[in-house]
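Per the working numbering: the sequence shown = residues 153 to 441. All residues carry an ideal CB built from backbone N, CA and C; glycine is no exception. Model, not experiment: these values are computed from the prediction. Note sheet for the following structure.
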Amino acid sequence: MITRFAPSLTGYLHLGHVLHMLYVWGIARKTGAKILCRIEDHDLSRARPEYETAILENMEWLGFEPNLGISVKSARKPSEFRQSDNAGYYESVLQTLHKKGLIYGCECSRKQILGNQAEEGELCYSGICADKGLPLASNTVRFRIPQEEVVFADLKLGEQHQIPASQCGDFSLRDRNGQWTYQFACVCDDIRHGVDLVIRGEDILFSTARQILLFQTLGAPIPAYFHHPLICGSDGKKLSKRQRSESISLLRENGATAAQLIGQALFQSALAPNPSPVSAAEAIEKYII
Ligand SMILES: [Zn+2]
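Below, the structure is given as structure tokens:
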């Protein structure tokens, strides 16, 4: 089996990533899966390449080394495991969907789609451009999804039921500025790299069926999914921006050890009863598997 750790280049690692790595490395250890490290910088308007070296160095410092993909040694060298180096591949997958008549151009602005919908919650696209025959270039490219319920068995949370058609409608694969979306780039990469075990945070469980629809449509096997709990702030909510901004780089600079940060991640996610320092290997053994 192959699973992956896929940091985005939109910020430094924080304690939430440490917990995620404990799950990825722990479950890989339990299942014998190999771990590949992929750099997710599909959206060039938001990604900042300078984060890459710091992320990879901090992973290694914390005790998490991947078996495949990008590591400190290959940082910032061209790679099939870095999304910004693979635009041609995404374009070829997009053309495959185009030939099947499964994508279309959409000229709607976010404001138009928002229409009467409440500001909070997800935008659900009505499909108004589905039959307009608009060009793909300089328009949002949308995936014509089936009106079906998707059922899958999460390895941690059990059977899940989702209906993307009523959650988000025909979702986008590429925006009008030519940036690939997370859902699309991520599924293309998982197919290409043979990833068959996907470990993700519970905060993005709601969107998993969209990826499954893409795997199905592209005739690829659907990976097994494991969604893990997150670190919560003291108020029980997801980490705030301020808490998230306490990056591993900064904490490290201020003298924290890797074992202390791992202990903190375990404690803040309520896996450990106290924040005692613990190495990655010990933490995995004691709290994850
Ligand atoms: Zn539209």
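{"Query": "How close, in whole Å, do the beta carbons of Gln335 and Gln363 come, if the pair is a contact with beta carbons under 8 Å?", "Result": "6 Å"}
{"Query": "Let me confirm a value: Val245 is counted as buried when at least 16 other C-beta atoms fall within 10 Å, else exposed. Which label applies?", "Result": "buried"}
{"Query": "Are the beta-carbon atoms belonging to Glu259 and Cys276 less than 8 Å from one another?", "Result": "no"}
{"Query": "For a test of the three-state rule: what should DSSP assign to Phe336, helix, strand or coil?", "Result": "helix"}
{"Query": "Should Cys258 be counted as a contact of ligand 1 given a C-beta to heavy atom distance under 7 Å?", "Result": "yes"}
{"Query": "Evaluate contact between the region 410-417 and the region 156-175, counting only Cβ atoms and requiring at least three cross-stretch pairs below 8 Å.", "Result": "yes"}
{"Query": "Less than 8 Å between C-beta atoms, sequence neighbours within five positions excluded: which residues of the same chain meet that for Glu300?", "Result": "Ile315 and Ala317"}
{"Query": "Please confirm if the region 363-373 is in contact with the region 206-219, defined as three or more CB-CB distances below 8 Å between the two stretches.", "Result": "no"}
{"Query": "Would you mind sorting Ile400 into buried or exposed? The rule is 16 or more other CB atoms within 10 Å of its CB.", "Result": "buried"}
{"Query": "Check whether the Cβ atoms of His345 and Ile154 lie closer than 8 Å to each other.", "Result": "yes"}
{"Query": "Under 8 Å, do Pro298 and Gly257 count as touching if we go by C-beta distance?", "Result": "no"}
{"Query": "Identify the continuous beta strand (DSSP E) that holds His380 and give its terminal residues.", "Result": "Ala376 to His380"}
{"Query": "Measuring only the C-alpha atoms, how far is Leu366 from Asn406?", "Result": "44 Å"}
{"Query": "Would you say Cys281 touches ligand 1, meaning its beta carbon is less than 7 Å from a heavy atom?", "Result": "yes"}
{"Query": "When the Cβ atoms of the region 226-240 are set against those of the region 189-196, are three or more pairs found closer than 8 Å?", "Result": "yes"}
{"Query": "So Leu246 is in the alpha helix (DSSP H); what residue range does that whole segment cover?", "Result": "Ala239 to Lys251"}
{"Query": "Give the range of the beta strand (DSSP E) segment to which Ile187 is assigned.", "Result": "Lys186 to Cys189"}
{"Query": "Given this structure, state the Cα-to-Cα distance separating Ser278 from Cys338, to the nearest angstrom.", "Result": "24 Å"}
{"Query": "Any idea which residues DSSP pairs Val430 with across the strands?", "Result": "According to DSSP, Val430 bridges with nothing at all."}
{"Query": "I need the DSSP call for Gly178, collapsed to helix, strand or coil.", "Result": "helix"}
{"Query": "Alpha carbon to alpha carbon, how far is Ile441 from Met173? Give it in angstroms, no decimals.", "Result": "13 Å"}
{"Query": "Leaving aside the five residues before and after Leu309 along the sequence, list all residues of the same chain whose C-beta is less than 8 Å from its C-beta, in chain order.", "Result": "Glu354, Leu357 and His379"}
{"Query": "If we require 3 or more residues per run, which beta strand (DSSP E) segments fall completely within the region 258-308?", "Result": "292-295 and 302-306"}
{"Query": "Beta-carbon separation of Ile255 and Leu325 under 8 Å?", "Result": "yes"}
{"Query": "Leaving aside the five residues before and after Phe157 along the sequence, list all residues of the same chain whose C-beta is less than 7 Å from its C-beta, in chain order.", "Result": "Met173, Val176, Ile187, Cys189 and Pro218"}
{"Query": "Return yes when the Cβ of Ala206 is within less than 8 Å of the Cβ of Thr162, no when it is not.", "Result": "no"}
{"Query": "Identify whether Gln314 lies in helix, strand or coil by the three-state DSSP scheme.", "Result": "strand"}
{"Query": "Below 7 Å CB to CB, which residues in the same chain sit around Ser290 once its five sequence neighbours on both sides are set aside?", "Result": "Arg328"}
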